[in-house]
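Take a look at the structure:
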């Protein structure tokens, strides 16, 4: 728990949880819910279980977490009864583990003038900023971008005098008289080098914010890849904002900067009044930070306190992405979850975990080349170089090197590695035999050459075929949630099944489908006055994510009986 501690006095955002005291093993917590106030002792070991699970499954509820964790360690099951308190504390830890001021929890980024979006690589931090700006319909001329790197400094962020090429009239002597040189009717010029003040991203955004009443945004990518103290210099003091959003303290502009601002804005403009610089309330500064980057400049606590921090978690949402290794297809989300759980277990940190957009494949297919040269290269060099994670193995006692994954033999080794990790294979849905409920039963007679599998649900005596299991579970859920719309039902179960076509809101058999079971490719599920259609086309490979996810989300146990 060294890196993920709560402090005495920390409160949850809703005020229900307050840390009163702590010792080496436990927190003393005051709970205030619906007027009932009580003190609870919360085990730090148990809290760590909830915290680790929340990282891997950000949308999990308190009850789901309790069902998932209870009975799997030596901790008494009775202690899991405080699941709601534990989940709120885990969410507090998720914020404070990367913030120097844990009293600042879940601030509204739209009201913050300075925000750093942080998280593991590929979680969509830049995309989050893009969505915020698009949602506010910010015009292009009001957005300024820069990327920090180890060579960034004040001059590349603010501006400086630089030599620029130009031209000036060419003169010569005609006797003792200086004349303008020309060739025919063309006046001649000569190239020259002059020095001009060249503004950079910060100064361009600053000037624009004083030229308009619209909000202006300065976006800094990879803020921790540069030396922030060196880059910001005395601008650091401007980051303290008052209640109106203006700089609480001004700074004197140096001679060059003062001259440029007076020339651009005018001597009496508020942006350089009395030779002083002050950030206006309409200037917003957003930054991104990868928590996994190595060999970076540390950000001191004084600088951190002047920013609000917004964590961008891994959402495991690209369920339709596949990793294609020589025709063998594996689920990207399955690989992502398995590898991230190993990284978390070995490093006790989510900093190096794989985000949803760690790769950006064409047509949702991660080729073996892209997988090797981007994903596995990162894991080999940045995660597993000290033997952590136990990812590069084809069996319990057989480790593989990165070079062994190349070439024809390397392809087979890579497939074996994926199989050892337990990454789910993805069947080609277009080639799946869409057996209907009736055909499943027909193929299970004594004369059938291949019997289809049967399953029990929560230990039921009744046995269900694969499509019948799916239909039964969704139908039962729908009847218990009559207020849910068809659209909500489709979205929920397509996510749970990890198939974007498990449910559809409406369906009719295709007139061009001449198969005898064409009208049975989907089965109708009705609740109240609403209905959806569930696919009857399943293979065991496609069914595995459904089995796992209904257990994780609802505690429903599907077991193969024959």
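Numbering (the UniProt record's numbering), first residue to last: 1 to 562. Where a beta carbon is used, it is the ideal one built from N, C-alpha and C, also for glycine.
Does the pairing of the segment 266-279 with the segment 299-313 give three or more beta-carbon distances under 8 Å?
no
Would residue 37 pass as a contact of residue 19 if the rule is Cβ separation under 9 Å?
In the chain shown, residue 37 corresponds to position 37, counting from 1. In the chain shown, residue 19 corresponds to position 19, counting from 1. Taking 9 Å as the Cβ cut-off, residue 37 and residue 19 do not qualify as a contacting pair.
Just to confirm, are residue 361 and residue 372 a CB contact at a threshold of 9 Å?
As a first step, residue 361 must be located in the chain shown, where it is residue number 361. As a first step, residue 372 must be located in the chain shown, where it is residue number 372. Result no, Cβ atoms of residue 361 and residue 372 do not sit closer than 9 Å.
Applying the criterion that 16 or more other CB atoms from any shown protein chain within 10 Å of the CB defines a buried residue, is residue 125 buried or exposed?
Translated into the one-based positions of the chain shown, residue 125 becomes position 125. Flag for residue 125 reads buried.
Could you spell out where the alpha helix (DSSP H) holding residue 137 opens and where it closes?
Within the chain shown, the letter at position 137 stands for residue 137. Premise fails: residue 137 is in no alpha helix (DSSP H) and is neither H nor E.
For my contact list, residue 169 and residue 193 are in at a C-beta cut-off of 8 Å; report their separation, rounded to the angstrom.
Position 169 of the chain shown, counting from 1, holds the residue named residue 169. Position 193 of the chain shown, counting from 1, holds the residue named residue 193. Not really, about 16 Å apart at Cβ, beyond 8 Å.
Rounded separation between residue 476 and residue 134 - CA only
Walking along the chain shown from the start, residue 476 turns up at place 476. Walking along the chain shown from the start, residue 134 turns up at place 134. Those two C-alpha atoms are separated by around 40 Å.
Alpha helix (DSSP H) containing residue 52: first to last residue?
For the purposes of this step, residue 52 is identified with residue 52 of the chain shown, where counting begins at 1. Note, residue 52: alpha helix (DSSP H), 44-56.
Tell me which same chain residues have a C-beta within less than 6 Å of the C-beta of residue 11, skipping the five on either side of it?
On the chain shown, position 11 is the one that residue 11 refers to. Within the same chain, residue 11 has close Cβ partners 18.
What does DSSP give as the partner residue(s) for residue 561 in the beta ladder?
Residue mapping note: residue 561 aligns to position 561 of the chain shown, counting from 1. According to DSSP, which records beta bridges pairwise, residue 561 is partnered with nothing at all.
With distances taken Cα to Cα, identify the nearest neighbour of residue 321 among 335, 310, 314.
Sequence index remark: in the chain shown, residue 321 carries index 321 (1-based). It is 335.
Cutoff 6 Å; reference residue 166; Cβ partners in own chain excluding five residues on either side
Residue numbering aside, residue 166 sits at position 166 when the chain shown is read from its first letter. Only 192, 194 meet the Cβ criterion.
Bridge partners of residue 26, per DSSP?
As a first step, residue 26 must be located in the chain shown, where it is residue number 26. Bridge partners of residue 26: 43.
Looking only at its chain, what residues have a beta carbon closer than 7 Å to the beta carbon of residue 315, apart from the 5 residues adjacent to it on each side?
Position 315 of the chain shown holds residue 315. Within the same chain, residue 315 has close Cβ partners 58, 356.
Could you tell me if residue 550 is buried or exposed, where buried requires 16 or more neighbouring beta carbons within 10 angstroms of its beta carbon?
As a working mapping, residue 550 is identified with position 550 in the chain shown. When all chains shown are included, residue 550 counts as buried.
Distance, residue 391 Cα to residue 323 Cα:
For the purposes of this step, residue 323 is identified with residue 323 of the chain shown, where counting begins at 1. For the purposes of this step, residue 391 is identified with residue 391 of the chain shown, where counting begins at 1. If you take the alpha carbons of residue 323 and residue 391, they lie about 16 Å apart.
Cβ shell of residue 222 (< 6 Å), same chain only, five flanking positions each side left out:
For this step, residue 222 is matched to residue 222 along the chain shown. Counting only Cβ-Cβ distances below 6 Å, and skipping sequence neighbours, we find 147, 148.
First and last residue of the uninterrupted beta strand (DSSP E) at residue 264
Along the chain shown, read from residue 1 onward, the residue named residue 264 stands at position 264. Segment 255-265 is the alpha helix (DSSP H) holding residue 264; no beta strand (DSSP E) there.
Contact between the segment 80-91 and the segment 24-33 (3+ Cβ pairs under 8 Å)
yes
Round the Cβ separation of residue 425 and residue 546 to the nearest angstrom and send it over; I've been treating them as touching at under 8 Å.
Along the chain shown, read from residue 1 onward, the residue named residue 425 stands at position 425. Along the chain shown, read from residue 1 onward, the residue named residue 546 stands at position 546. Contact doesn't hold; Cβ gap of about 14 Å is too wide.
Would you call residue 94 buried or exposed, if buried means 16 or more other Cβ atoms sit within 10 Å of its Cβ?
As a working note, residue 94 is residue 94 in the chain shown. Result: buried.
Would you list the one or two residues that DSSP bridges to residue 181?
On the chain shown, residue 181 is found 181 positions in, with the first residue counted as 1. Residue 181 is not bridged to any residue.
In whole angstroms, what separates the C-alpha of residue 421 from that of residue 559?
By one-based count along the chain shown, residue 421 stands at place 421. By one-based count along the chain shown, residue 559 stands at place 559. Taking the straight line from one Cα to the other gives about 22 Å.
Do you know offhand how far residue 73's Cα is from residue 81's?
Taking the chain shown and counting its residues from 1, the one referred to as residue 73 is at position 73. Taking the chain shown and counting its residues from 1, the one referred to as residue 81 is at position 81. Those two C-alpha atoms are separated by around 15 Å.
DSSP beta-bridge partners of residue 328
Residue numbering aside, residue 328 sits at position 328 when the chain shown is read from its first letter. Note: residue 328 sits in a beta bridge opposite 325.
Chain-order list of residues whose beta-carbon lies under 6 Å from that of residue 69 (same chain, five-residue window excluded)
Residue mapping note: residue 69 aligns to position 69 of the chain shown, counting from 1. If we look at residue 69 and ignore the five residues flanking it on each side, its Cβ neighbours are 49.
Do residue 120 and residue 354 have their C-beta atoms closer together than 9 Å?
Working through the chain shown from its first residue, we reach residue 120 at position 120. Working through the chain shown from its first residue, we reach residue 354 at position 354. Cβ distance < 9 Å, so residue 120 and residue 354 count as in contact.
Is it right to say residue 196 is buried, meaning 16 or more other beta carbons lie within 10 angstroms of its own, or is it exposed?
The residue labelled residue 196 in the question sits at position 196 within the chain shown. Exposed.
By alpha-carbon positions, which one of 468, 235, 262, 338 ends up nearest to residue 154?
For this step, residue 154 is matched to residue 154 along the chain shown. Here the closest residue by C-alpha is 235.
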